[in-house]
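Student:
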Amino acid sequence: MPRAEPLREGDPAAVGPYRLLGRLGAGGQGVVYLASAPDGRPVAVKVLREGQAGGRFLEEIDAARRVEPFCVAQVLDASPGDRPYIVTEYVEGPSLQQAGRHAGADLQRLAVATATALAAIHQAGIVHRDFKPANVLLGHGGPRVIDFGIARSAEAGAAGAGGIVGTPAYMAPEQLAGAPVGPAADVFAWGSAMGFAATGSPPFGEDTLPAVINRILHNEPQLGELPQPLRAIVLECLAKDPARRPSMEQVLLRLLGGRAVAAAGPGHAAARPAADPGDGGPGSALGRPGRRVSKGRWVAGAAAVALAVAGGVVWAAMNGWVIERRRPPAEALALSTGTTPAPTATPGHAKRTGKPSTPRPGRKSTSAAARRPTLEPSRQPTRKATSTASTGRPTRSAGPSGGGSFRVLSIRAQSPGTDTARGCHINDTNTFGVVEGTRLATTFRYEWVLDGQVKERSEAPIAESHTFQLVGPLVKTEGPHTVILRVTGPTTSSKTLRFTICPDDDQ
4 MPRAEPLREG
14 DPAAVGPYRL
24 LGRLGAGGQG
34 VVYLASAPDG
44 RPVAVKVLRE
54 GQAGGRFLEE
64 IDAARRVEPF
74 CVAQVLDASP
84 GDRPYIVTEY
94 VEGPSLQQAG
104 RHAGADLQRL
114 AVATATALAA
124 IHQAGIVHRD
134 FKPANVLLGH
144 GGPRVIDFGI
154 ARSAEAGAAG
164 AGGIVGTPAY
174 MAPEQLAGAP
184 VGPAADVFAW
194 GSAMGFAATG
204 SPPFGEDTLP
214 AVINRILHNE
224 PQLGELPQPL
234 RAIVLECLAK
244 DPARRPSMEQ
254 VLLRLLGGRA
264 VAAAGPGHAA
274 ARPAADPGDG
284 GPGSALGRPG
294 RRVSKGRWVA
304 GAAAVALAVA
314 GGVVWAAMNG
324 WVIERRRPPA
334 EALALSTGTT
344 PAPTATPGHA
354 KRTGKPSTPR
364 PGRKSTSAAA
374 RRPTLEPSRQ
384 PTRKATSTAS
394 TGRPTRSAGP
404 SGGGSFRVLS
414 IRAQSPGTDT
424 ARGCHINDTN
434 TFGVVEGTRL
444 ATTFRYEWVL
454 DGQVKERSEA
464 PIAESHTFQL
474 VGPLVKTEGP
484 HTVILRVTGP
494 TTSSKTLRFT
504 ICPDDDQ
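For the sequence shown, the working numbering gives the first residue as 4, with consecutive numbering after it.
Printed below as a string of structure tokens:
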């Protein structure tokens, strides 16, 4: 049974259709309860205090629902009524604040998962504004970022008058000043939280408020024995000037062995949902976009259980991670269960940039040797990532009783860019899928089929969440392709995706 404090006198017995079971916590905005949903599953219900919902409540909740399910507790429901509330997935486990210091693979796993979550949040056009160790839960399926109660759409955050919202020890200088904040403030908070995770203390201390604020504004962070290369990434994130901080997508690339971090520009322009690592910021020496990059595969260790992160480039395993290098896509993957319109050119990215100032590396082999973990990822920038989603309805058939039912929710392709004129993906293309199960603590069998050939057969668990993200085949060859994700047991379901990789004309 999930742990919660008993309900107190004055607490309601139910909120909407959710029966309250106990208290999980309370703060300035309201009280968080453990509750039972109508279908019996546990959920977290945050009941907001009077005046906290605001006129943009429903818009903000709609924005939160757009966040893809990578390492976050998803928003399930909300009501702006007399007693406004927000319902999210319940994640059982201690917070990072409670768990304290991490090291080695645990620290790396934490860094990647939380960076992935914030990248997905930012891609949905949201700024969290209160990212801190207490808002990272260490669930059975890996770290999950919670509490979108004070998250605001990036547009609202940039335009608002800007009262100070957040936890001072993890707040960026511009946030402490009461200025409008953008995604760069979350980047600063992430760096501070990683400093806490490595040392057990925030980089600027947590004693008196004036002392903490003074250190954040004027002093260098204290990172103890935080190891490289994470130390260098965290230092970049803790830059006083928000324009000098990388975006979360760039941080994620660096964590996964990709391109070096470069500042994303002033405040990480809130109107731009996801910064393009190819921009590189002022003074960038990054080369010409649209070139092929070498991608290997990330391989799950034994008994892989929890998550494929940021477009399926990381798998958490019970017994640690077994990792091969791979160049991740330029933006976090946005998995869709509905129809996605054909990609369109993005202003500012339609034209190629000038020739690179450094010699162009040779084209990587697409043989099996190209997947070895010793390969260094390409340093060439890519076009803004685009994706193609399937639109067909899944097929299902009845299976054995007692094992629950499963269906393929979506299948998607992700590449560094798309040639909109020819309607094809540029460079190697990754594929991903999402499977939904009706019961937790069950496993399903699946297979990936590429151009009529089975590329992978395996099984995966439905553990903490009712959905599971899968990594499909990496497609390297030019021309049209057909990818099928098929659940083979205990029930059957499938979805098909067709796409084309552009001829490599400019090699």
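Glycine residues also receive a C-beta, built at the ideal position from the N, C-alpha and C atoms.
By DSSP, does V437 sit in helix, in strand, or in coil?
Tutor: V437 falls in the strand class under three-state DSSP.
Student: My output table needs one value for S98: the three-state DSSP class, helix, strand or coil.
Tutor: The answer is strand: DSSP assigns S98 an E or B state.
Student: Short check: CB of A81 to CB of I89, under 7 angstroms?
Tutor: Yes, they are a contact pair.
Student: Determine the direct distance from the alpha carbon of A7 to that of T117, and round the result to whole angstroms.
Tutor: The straight-line gap from Cα to Cα measures roughly 25 angstroms.
Student: With DSSP collapsed to three states, give me the class of L233.
Tutor: Correct three-state label for L233: helix.
Student: In terms of DSSP beta bridges, what is S195 paired with?
Tutor: Beta-bridge pairing links S195 to no other residue.
Student: For A81, which three-state DSSP category applies?
Tutor: Residue state, collapsed to three classes: strand.
Student: By alpha-carbon positions, which one of T445, E450 and V478 ends up nearest to I465?
Tutor: Of the candidates T445, E450 and V478, the one whose C-alpha sits nearest the C-alpha of I465 is T445.
Student: Have a look at S250, M197 and G33 and flag the residue whose alpha-carbon is nearest the alpha-carbon of P224.
Tutor: Out of S250, M197 and G33, M197 has the C-alpha closest to the C-alpha of P224.
Student: Assign H484 to one of three DSSP states: helix, strand, or coil.
Tutor: Three-state DSSP puts H484 in a strand.
Student: Give me, in chain order, the residues of the same chain whose beta-carbon lies closer than 7 angstroms to that of R52; leave out the 5 immediate sequence neighbours on both sides.
Tutor: Correct list, in chain order: Q32 and G33.
Student: On a Cα-Cα basis, can you pick out the residue from Y36, A16, G436 and Q456 that is closest to T470?
Tutor: Here the closest residue by C-alpha is G436.
Student: By DSSP's criteria, I89 is part of a beta bridge. Which residues make up the other side?
Tutor: Paired residues: K49 and A81.
Student: Any idea if R248 is buried or exposed, counting beta-carbon neighbours within 10 angstroms, 16 or more meaning buried?
Tutor: That one is buried.
Student: Would you call L212 buried or exposed, if buried means 16 or more other Cβ atoms sit within 10 Å of its Cβ?
Tutor: Counting Cβ neighbours within 10 Å, L212 comes out exposed, since fewer than 16 surround it.
Student: Measuring straight from C-alpha to C-alpha, what distance separates R132 and D150?
Tutor: So the alpha carbons of these two residues sit roughly 10 angstroms apart.
Student: Apart from the five residues on each side of it in sequence, which residues of its chain come closer than 6 angstroms, Cβ to Cβ, to L141?
Tutor: Contacts found: G96, P97 and A102.
Student: Determine which residues share a DSSP beta bridge with F447 and list them.
Tutor: For F447, which the question treats as bridged, DSSP gives the partners A463.
Student: The beta strand (DSSP E) with A108 in it runs from where to where?
Tutor: Counting along the chain, A108 falls outside any beta strand (DSSP E), though it belongs to the alpha helix (DSSP H) covering G107 to Q126.
Student: Report, in whole angstroms, the separation of the C-beta atoms of A192 and K135, which I expect to be a contact under 8 angstroms.
Tutor: Contact holds; Cβ gap of about 7 angstroms.
Student: With distances taken between CB atoms, is the gap from T441 to G407 smaller than 7 angstroms?
Tutor: Going by C-beta atoms, T441 is nearer than 7 angstroms to G407.
Student: Evaluate E439 with the Cβ neighbour count: other Cβ atoms within 10 Å of its Cβ, from every protein chain shown; 16 or more gives buried, anything less gives exposed.
Tutor: By the 10 Å Cβ count, E439 comes out buried.
Student: From the DSSP output, in three-state form, read off D422 for me.
Tutor: DSSP places D422 in strand when its eight states are reduced to three.
Student: Taking the straight line between their C-alpha atoms, what separation do you get for R460 and K498?
Tutor: Near 16 angstroms, if we compare the C-alpha coordinates of K498 and R460.
Student: List the whole-angstrom C-beta distance separating V148 from A120, where the pair is believed to meet the contact cut-off of C-beta under 8 angstroms.
Tutor: Between A120 and V148 the Cβ distance is about 4 angstroms, and since that is below 8 angstroms, they are a contact.
Student: Per DSSP, which residues does T202 bridge with? Please list them.
Tutor: Bridge partners of T202: none, in fact.
Student: Please list the terminal residues of the continuous beta strand (DSSP E) segment that includes V35.
Tutor: Start and end: G33 to S39.
Student: Determine the extent of the alpha helix (DSSP H) in which V254 is found, giving its start and end residues.
Tutor: From DSSP, the alpha helix (DSSP H) with V254 extends over M251 to L258.
Student: In the structure shown, what three-state DSSP assignment does L453 receive?
Tutor: Looking at L453 - three-state DSSP - the assignment turns out to be strand.
Student: Please determine, among V78, P205 and P506, the residue with the shortest C-alpha to C-alpha distance to I429.
Tutor: Checked all of V78, P205 and P506; the closest Cα to I429 is P506.
Student: Within a Cβ cutoff of 7 angstroms, which residues of the same chain sit near E450, ignoring the five residues on either side of it in sequence?
Tutor: The answer, listed in chain order, is V457, E459, R460, R489 and T491.
Student: Counting C-beta neighbours from all protein chains within 10 Å, is the total for E252 16 or more, i.e. buried, or is it exposed?
Tutor: Its Cβ being crowded by 16 or more others within 10 Å, E252 is buried.
Student: Could you check which residue in R44, R448 and A424 has the C-alpha nearest to that of I504?
Tutor: Answer by Cα proximity: A424.
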